[in-house]
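Student: Protein chains in written order, with the working numbering: chain A, 1 to 249; chain B, 250 to 620. The beta carbon of each residue, even a glycine, is placed where N, CA and C say it ideally should be.
#1: Helix or strand or just coil, what does DSSP make of residue 1 of chain A?
#2: In chain order, what residues of the same chain lie with their CB nearer than 6 Å to the CB of residue 171 of chain A, ignoring the 5 residues before and after it?
#3: Could you have a look at residue 483 of chain B and say whether DSSP puts it in helix, strand or coil?
#4: Would you mind listing the alpha helix (DSSP H) stretches within the segment 459-507 of chain B that are 4+ residues and don't spill past its ends, in chain order?
#5: Express the C-alpha separation of residue 582 of chain B and residue 79 of chain A in angstroms, rounding to a whole number.
#6: Along chain B, which residues have their Cβ under 8 Å away from the Cβ of residue 160 of chain A?
#7: Check the Cβ-Cβ distances between residue 115 of chain A and every residue of chain B, and say whether any is below 8 Å.
#8: According to DSSP, is residue 199 of chain A helix, strand or coil?
#9: Around the Cβ of residue 288 of chain B, are there at least 16 other Cβ atoms within 10 angstroms (buried) or fewer (exposed)?
#10: Does the beta carbon of residue 111 of chain A come closer than 8 Å to any beta carbon on chain B?
#11: Beta-carbon of residue 602 of chain B versus every beta-carbon of chain A: anything under 8 Å?
#12: By DSSP, does residue 644 of chain B sit in helix, in strand, or in coil?
#13: Hey, residue 447 of chain B and residue 420 of chain B: beta-carbon distance below 8 Å or not?
#14: Just the C-alpha distance for residue 62 of chain A and residue 6 of chain A, rounded to the nearest angstrom, thanks.
#15: Any idea if residue 104 of chain A is buried or exposed, counting beta-carbon neighbours within 10 angstroms, 16 or more meaning buried?
#16: Using a C-beta cutoff of 8 Å, does residue 36 of chain A count as contacting chain B?
#17: Could you spell out the range, first to last residue, of the alpha helix (DSSP H) harbouring residue 111 of chain A?
#18: Return yes when the Cβ of residue 11 of chain A is within less than 8 Å of the Cβ of residue 67 of chain A, no when it is not.
#19: Just to confirm before moving on: does the CB-CB distance between residue 453 of chain B and residue 612 of chain B stay below 8 Å?
#20: Determine the contact status of residue 30 of chain A and residue 199 of chain A, defining contact as a CB-CB distance below 8 Å.
#21: Tell me where the alpha helix (DSSP H) around residue 124 of chain A begins and ends.
#22: In chain A, which residues lie with their C-beta within 7 Å of the C-beta of residue 574 of chain B?
#23: Have a look at the DSSP bridge pairing and note the partners of residue 593 of chain B.
#24: On the DSSP letters alone, give me the boundaries of the alpha helix (DSSP H) that residue 163 of chain A sits inside.
#25: DSSP puts residue 368 of chain B in a beta bridge; with which residues?
#26: In whole angstroms, what is the alpha-carbon distance linking residue 484 of chain B and residue 329 of chain B?
#27: Given a limit of 7 Å on CB to CB distance, which residues of the segment 499-510 of chain B reach chain A?
#28: Quick check on this structure: which residue in B/498, B/351, B/422 has the alpha carbon closest to the alpha carbon of residue 372 of chain B?
#29: How is residue 619 of chain B classed by DSSP in three states: helix, strand or coil?
#30: Do three or more CB pairs link the segment 173-187 of chain A to the segment 93-109 of chain A at distances below 8 Å?
#31: Can residue 380 of chain B and residue 390 of chain B be called in contact, C-beta distance under 8 Å?
#32: For a contact meaning CB atoms closer than 7 Å, what does residue 79 of chain A contact in chain B?
#33: Which runs of the beta strand (DSSP E), 3 residues or longer, sit entirely within the segment 559-611 of chain B?
#34: In chain B, what lies closer than 8 Å to residue 14 of chain A by C-beta?
#35: Does the segment 221-241 of chain A come close enough to the segment 330-349 of chain B that 3 or more CB-CB pairs lie under 8 Å?
#36: With a 10 Å radius around its C-beta and 16 neighbouring C-beta atoms as the bar for buried, classify residue 600 of chain B as buried or exposed.
Structure follows, in structure tokens:
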């Protein structure tokens, strides 16, 4: 079944069109990669799906498990199982990573009508996830992303994904800022997370992440439209030829 | 009835017959006020707070809490009446307070009706004293920490008119915490501190507002290696008012001062902050910093902040900064994208913002930012 369904989505900022009619269907168990040059609209697409308010939706719809989400707040979308790993995670001094994560988990439990997880169980879950990503559990006590290296910030995004267990995860350039070892750890974390009931959309410039996580589909965005879709071989072809041959199509 | 002009204030002070400590010499103070030291409305120091209601504050019974009982320890004495403290009082009173700069402290001195002396003897490092509401309207607390001694002083409330004078002797340490619960009246506070060489003073002040609340803080750095660390946080709601005026005066070379204040201002509340660093011509190798950051979460709230540097020495390190801002929308979106509702997200972000300068549980409770 379609977990995420985007049809004819057109988005602008001010009077400047950014997305010009995007169609994308993501089914449970699938990994999609969205590739494209700088300024093509990849990050806009990721942010619009998550409900960021800075954009004007001109037409089209976004549905999660068949339910239209376009008018929902970002937190309501999260409650329904959507997750965005930020390209530039925000630093929040004064709020510990642990407190932030616990607030997120509690909010989602409340929305689902589930009991809140105990602090002890939560600590345990967070520790396991941190270790899985090669992060020292001490890191959970630090301010959210405060003074983290680029790689730590990206790992922290994946840590949140592992804990929140979303149905659809959109990972916006999670590979940027990671060295080769960190890339492998993060990719292994993502791979281990994927199963037949969830889906992952990887937004990336480069093919290198896809060496570690085999995508079922690769889509290329240029000038606000998906100009080509294919399988992993498309990503390899892009690596070789660059994007210009598609932009000029 | 409030007094509205300087002449009638002076007249009333001249007519005032002190019943408490009649032996205190009040003549110079009265002369100074007659000489025009009373604060003038709209003057620089009173630009955003009307001084007139402070001239003759009405006793605000509703602000009173339980009268404190101060633990009996050998190092300190309550009250100025006893002969044993009379010498300390006459030696120290007004030695840290510049009455011309702080004329409301001068009025308070003339009308003093309650006194506490805390005297920590040389080398005594065990003192921790909690001071609650005191039974008087014009309160004076003298804190004398002798050489190499240590004191932790916690004021759980600051009352409607309280002047705290602190003397930190060479090598002594005073850690001072002040909690200011919300008030409905007109509160005036002055903390004046003299720090001798290698002495160390730290202030953690956690405030809400009152109908009018003024906090003057004056720190005199009087020796090499003297250091002052002043931190404060405030949370203002409704129509409460808080005016913090800080002056750190480096009068001697080789001193250090740090000031870090943060406030969150909501509803129709009003926050004023003025932070001054003064470095005298001979105070070389001074290291002084000052920051004040403000969050304004309501369009009707008012925040005024001004750092002021007056530097007459040429070999110093000095920095300052003041900001007024709103909650970061990117941070809000980050929280919301994790399923945290906007109201909760705002509360956590405000808490995080203040937490940077809050290091005591009672401060968190007062500010409503418990974890």
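Tutor: By the coordinates alone:
#1: Three-state result, residue 1 of chain A: coil.
#2: Answer for residue 171 of chain A: 85, 202, listed in chain order.
#3: Residue 483 of chain B: strand per DSSP, three-state reduction.
#4: Note on the segment 459-507 of chain B: there is no whole alpha helix (DSSP H) run with a minimum of 4 residues.
#5: Computed Cα separation, rounded: 14 Å.
#6: Going along chain B in sequence order, the residues near residue 160 of chain A (Cβ under 8 Å) are 587.
#7: So, not an interface residue.
#8: Three-state result, residue 199 of chain A: strand.
#9: With 16 or more other Cβ atoms within 10 Å, it is buried.
#10: True, the Cβ-Cβ gap to chain B drops below 8 Å.
#11: So, interface residue.
#12: Examination of residue 644 of chain B is not possible in this model, given that chain B is present from 250 through 620 alone.
#13: Yes, the Cβ-Cβ distance between residue 447 of chain B and residue 420 of chain B is below 8 Å.
#14: Roughly 5 Å separates the two Cα atoms.
#15: In this structure residue 104 of chain A is buried. Its beta-carbon is surrounded by 16 or more other beta-carbon atoms within 10 angstroms.
#16: Taking 8 Å as the threshold, the shortest C-beta distance from residue 36 of chain A to chain B does not fall below it.
#17: Boundaries of the alpha helix (DSSP H) harbouring residue 111 of chain A: 97-112, taken from the DSSP string.
#18: Between residue 67 of chain A and residue 11 of chain A, the C-beta spacing is not below 8 Å.
#19: Their beta carbons are under 8 Å apart, which means residue 453 of chain B touches residue 612 of chain B by this criterion.
#20: Between residue 30 of chain A and residue 199 of chain A, the gap from beta carbon to beta carbon is short of 8 Å.
#21: First-last of the alpha helix (DSSP H) with residue 124 of chain A: 119-132.
#22: For residue 574 of chain B, no chain A residue has a C-beta closer than 7 Å to its own C-beta; the minimum C-beta separation is roughly 14 Å.
#23: Per DSSP, residue 593 of chain B has no beta-bridge partner at all.
#24: Counting along the chain, the alpha helix (DSSP H) containing residue 163 of chain A begins and ends at 150-164.
#25: The partner list for residue 368 of chain B (beta bridge, DSSP) reads B/393.
#26: Distance between the alpha carbons of residue 484 of chain B and residue 329 of chain B is about 35 Å.
#27: Flagged: no residues at all.
#28: Answer by Cα proximity: B/422.
#29: DSSP, reduced to helix, strand and coil, places residue 619 of chain B outside both helices and strands of the structure shown, so it counts as coil.
#30: No: fewer than three Cβ pairs fall under 8 Å.
#31: Yes. Within cutoff.
#32: Around residue 79 of chain A, the beta-carbon contacts reaching into chain B at under 7 Å are 588.
#33: Fully enclosed beta strand (DSSP E) runs of 3 or longer: 566-574.
#34: Residues of chain B passing the Cβ test: none, with the nearest at roughly 17 Å.
#35: Too few Cβ pairs lie closer than 8 Å, so no.
#36: By the beta-carbon neighbour count (other beta carbons within 10 angstroms, threshold 16), residue 600 of chain B is buried.
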